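Heads up: the sequence shown begins at 537 in the working numbering, then just goes up one per residue. All C-beta atoms in this analysis are idealised placements derived from N, C-alpha and C, irrespective of residue type, glycine included. None of these values were measured; they are calculated from a predicted model. Take a look at the structure below.
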Amino acid sequence: MLPALAEVQRQAMDRFQAFMREQNSEDGGGDAGKGLGIVGHFAGIMLRADLVDRTEPGLGDAGPAAEIAFVAQQDIERLLGGRPSSASTCAGEWS
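Here you go:
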């Protein structure tokens with residue numbers, strides 16, 4: 537699942553950076569997406585890295601999943617929809 541999420545995130549970032557390049561070319565701005573400092577989102581509200589208290593319990597090391605933050609809810613649902621649930625797997629074993 538993690539590689540699929542990483543690929544979806546890469547595609548979303550490519551689209552976002554293309555959008556930013558287009559916007560920046562219109563107003564003479566700088567490099568697309570530079571210095572955003574976004575570490576994730578909560579209900580679509582972007583979280584700035586400089587405002588996250590990393591000493592808070594539960595915000596420690598997330599392992600490889602820490603690299604995934606820019607994935608839309610619809611993409612998560614699509615990826616999860618392609619996986620068998622434990623209930624359907626168990627039901628199949630009993631039939």
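The C-beta separation of L615 from L541 comes to about 7 Å, placing the pair in contact by the 8 Å criterion.
When secondary structure is reduced to three states using DSSP, V544 falls in the helix class. By DSSP's assignment, M582 forms a beta bridge with H577.
One thing to note: V544 has its Cβ no nearer than 9 Å to the Cβ of A601.
Look at E592 here: in three-state DSSP terms it is coil, with no helix or strand label.
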